[in-house]
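Below: the structure, in structure tokens.
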Amino acid sequence: MIVSLMKTMITRGAFDKEDMLKKMDVFLLNNRITETEYNELVTLMG
Numbered sequence: 107m108i109v110s111l112m113k114t115m116i117t118r119g120a121f122d123k124e125d126m127l128k129k130m131d132v133f134l135l136n137n138r139i140t141e142t143e144y145n146e147l148v149t150l151m152g
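The number in the numbering used here is simply the position in the sequence shown, starting from 1, with 106 added.
As structure tokens, then:
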């Protein structure tokens, strides 16, 4: 669920890249998202 919300935010441009990366790092470290999902979100951010 968190991944779909983050994808929506990214595609709408409603994010600060540095802030989003910090949040994604926390989600990854706490096993809320997988490494594959993390990489997909980073790629989507460009």
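Don't be surprised by glycine CBs; every beta carbon is placed ideally from N, CA and C. What you are looking at is a predicted structure, and each value in this text was computed from that prediction instead of being measured.
Could you pull the start and end residues of the alpha helix (DSSP H) that residue i belongs to?
| i | result |
| --- | --- |
| Thr114 | 108 to 118 |
| Phe133 | 123 to 135 |
| Thr142 | 141 to 151 |
Are the Cβ atoms of residue i and residue j separated by less than 8 Å?
| i | j | result |
| --- | --- | --- |
| Leu135 | Met112 | no |
| Glu144 | Met130 | A small fix is needed here, since residue 144 is Tyr in this sequence, not Glu. In this structure, Met130 lies closer than 8 Å to Tyr144 by Cβ. |
Near residue i, what residues of its chain come up, given a Cβ to Cβ distance below 8 Å and the 5 sequence neighbours on each side ignored?
| i | result |
| --- | --- |
| Glu141 | Leu134 |
Quick one: what's got a C-beta closer than 7 Å to residue i's C-beta in the same chain, skipping five residues either side?
| i | result |
| --- | --- |
| Phe121 | Met115 |
Going by C-alpha to C-alpha distance, which of the options sits closest to residue i?
| i | options | result |
| --- | --- | --- |
| Val109 | Ile139, Lys128, Gly119, Glu124 | Ile139 |
Identify, in the order they occur along the chain, each residue of the same chain with its Cβ nearer than 6 Å to the Cβ of residue i, setting aside the five sequence neighbours on each side.
| i | result |
| --- | --- |
| Asp150 | The amino acid occupying residue 150 in the given sequence is Leu; Asp does not appear at that position. Excluding residues within five positions, the ones whose Cβ falls inside 6 Å are Ile116. |
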